[in-house]
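Novice: My questions all concern the structure below.
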Amino acid sequence: MSFVEYSDIIQDGDVAIVYLGHDSMTPIKVQHGAQTQTRYGAIRHSTDLIGQRYGLKVTCTKGGWVHVLHPTPELWTVTLPHRTQILYTTDIAAITMMLELKPGSVVCESGTGSGSLSHAILRTVAPTGYLHTVEFHQQRAEKVAEEFREHRVDHLVTVRNQDVCKDGFGVTGVADAVFLDIPSPWEAVGHAKAAMKKHGGRVCSFSPCIEQVQRTCEALVKHGFQEISTMEVLLRTHDVRTVSLPMPDFGPHDTAQEKETPPNQTVFMLKTTTPPREIPGHTGYLTFATKPRT
3 MSFVEYSDII QDGDVAIVYL GHDSMTPIKV QHGAQTQTRY GAIRHSTDLI GQRYGLKVTC
63 TKGGWVHVLH PTPELWTVTL PHRTQILYTT DIAAITMMLE LKPGSVVCES GTGSGSLSHA
123 ILRTVAPTGY LHTVEFHQQR AEKVAEEFRE HRVDHLVTVR NQDVCKDGFG VTGVADAVFL
183 DIPSPWEAVG HAKAAMKKHG GRVCSFSPCI EQVQRTCEAL VKHGFQEIST MEVLLRTHDV
243 RTVSLPMPDF GPHDTAQEKE TPPNQTVFML KTTTPPREIP GHTGYLTFAT KPRT
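Everything in the sequence shown is counted per the working numbering, starting at 3 for the first residue and increasing by one.
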């Protein structure tokens, strides 16, 4: 099992995702002799999981059943233990696209937090890319490094416990892209530029407040970045439903046809969408910029 490579068979030591029903999932560490309790009963790892195929339907001890799924960055984002506020897939997709990440890209990130974005970056840059991630909080840095080892992606990432605003990313001239999710990103713009390759690259800063965005943009201009833009991603899900409408009255009908077809019996069946009355609230602003070639 690896978060960047798919495996068919569940093995001892894997991290798997137990799907309990709509919007209800939990990650488990598969271990020989262990059990996981669910509302449907217990799952016995040795007999129910190890050696079985991912995606299988497992019958629990109370007679209910669950599905066991192979982990992905998207599933990890909705099931991970929160040590900080995290980025979700809507913003992550925009970041991955706008930073132009691809296999082989080298990325610098700060701060690591709970590792939600980190896993998506690793899946995108694998198998030949690399992630240098910086976390100010020592315990969080140690925990996310442990998770990278459990998820078998530690060969693609280095975790540094330091203050990026004072000490930078620990690398110079290697990054194709830089991502900042810290309280004062404008203080790290110079270090971001130093970490990037001479041929240019992209930088992204995530900030919840527009005042942070303003100061970051000023710092980006000062350090010579170009194509500066800020965007906000809001998810708007439409409800699809079927409606029936009576046949409209187009005037007098043929007498013979009226006798054969009872009035108001013919209806139109239409598919329609209803926009949400409310949209999920603001998460943050994404500011992007390009480092010119030097």
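Every residue, glycine too, gets a C-beta built ideally from N, C-alpha and C.
So Val60 is in the alpha helix (DSSP H); what residue range does that whole segment cover?
Specialist: Unbroken run through Val60 is the beta strand (DSSP E), 59-61; no alpha helix (DSSP H).
Novice: Excluding five sequence neighbours on each side, which residues of the same chain lie with their C-beta closer than 8 Å to the C-beta of Ile11?
Specialist: Correct list, in chain order: Gly53, Gln54, Arg55, Tyr56.
Novice: Taking the continuous alpha helix (DSSP H) assigned at Trp78, which residues delimit it?
Specialist: Where Trp78 is concerned, the enclosing alpha helix (DSSP H) stretches over 75-81.
Novice: Use the C-beta contact count for Gly226: other C-beta atoms within 10 angstroms, 16 or more gives buried, fewer gives exposed.
Specialist: It is exposed - the Cβ of Gly226 has fewer than 16 other Cβ atoms within 10 Å.
Novice: Between Ala194 and the ligand ZN, is the CB less than 7 Å from at least one heavy atom?
Specialist: Annotation note on the ligand ZN: not contained in the displayed structure, which lists no ligands.
Novice: Could you check whether the region 135-152 touches the region 99-117, counting it as contact only if at least three pairs of C-beta atoms, one from each stretch, sit closer than 8 Å?
Specialist: In short, these stretches touch, since the Cβ pair count reaches three.
Novice: Roughly how many angstroms lie between the CA atoms of Thr28 and Arg41, to the nearest whole one?
Specialist: Whole-angstrom Cα-Cα distance: 12 Å.
Novice: DSSP puts His134 in a beta bridge; with which residues?
Specialist: For His134, which the question treats as bridged, DSSP gives the partners Cys110, Thr160.
Novice: Assuming Thr2 and Leu103 form a contact by the criterion Cβ under 8 Å, report the distance between their Cβ atoms to the nearest whole angstrom.
Specialist: Absent from the structure is residue 2, since the part of the chain shown begins at 3 and ends at 296.
Novice: Shortest alpha-carbon distance to Ala221 belongs to which of Tyr21, Ala177, Cys167, Thr274?
Specialist: Of the candidates Tyr21, Ala177, Cys167, Thr274, the one whose C-alpha sits nearest the C-alpha of Ala221 is Cys167.
Novice: Check the C-beta distance from Gly172 over to Val146 and give it rounded, since I have them as a contact under 8 Å.
Specialist: Actually they do not touch by this definition, with Cβ atoms about 16 Å apart.
Novice: Ignore the nearest five residues each way along the sequence and tell me which others in His193's own chain have a CB closer than 7 Å to its CB.
Specialist: Within the same chain, His193 has close Cβ partners Val166, Gly170, Phe171.
Novice: Determine the extent of the beta strand (DSSP E) in which Ile212 is found, giving its start and end residues.
Specialist: Note, Ile212: premise wrong, no beta strand (DSSP E); alpha helix (DSSP H) at 212-224.
Novice: Determine the closest residue to Thr114 out of Glu148, Thr130, Gly131, with distance taken between C-alpha atoms.
Specialist: Among Glu148, Thr130, Gly131, the Cα nearest to that of Thr114 is on Glu148.
Novice: Alpha carbon to alpha carbon, what distance is there between Arg243 and Arg279?
Specialist: Approximately 16 Å, taken between the alpha carbons.
Novice: I need the boundaries of the alpha helix (DSSP H) containing Val166, first residue and last residue.
Specialist: 166-169 is the span of the alpha helix (DSSP H), which, as asked, contains Val166.
Novice: Asp25 to Thr289, Cα distance in whole Å?
Specialist: Cα to Cα, Asp25 sits roughly 31 Å from Thr289.
Novice: Cβ of Pro73 within 8 Å of Cβ of Ala128?
Specialist: Cβ distance not < 8 Å, so Pro73 and Ala128 don't count as in contact.
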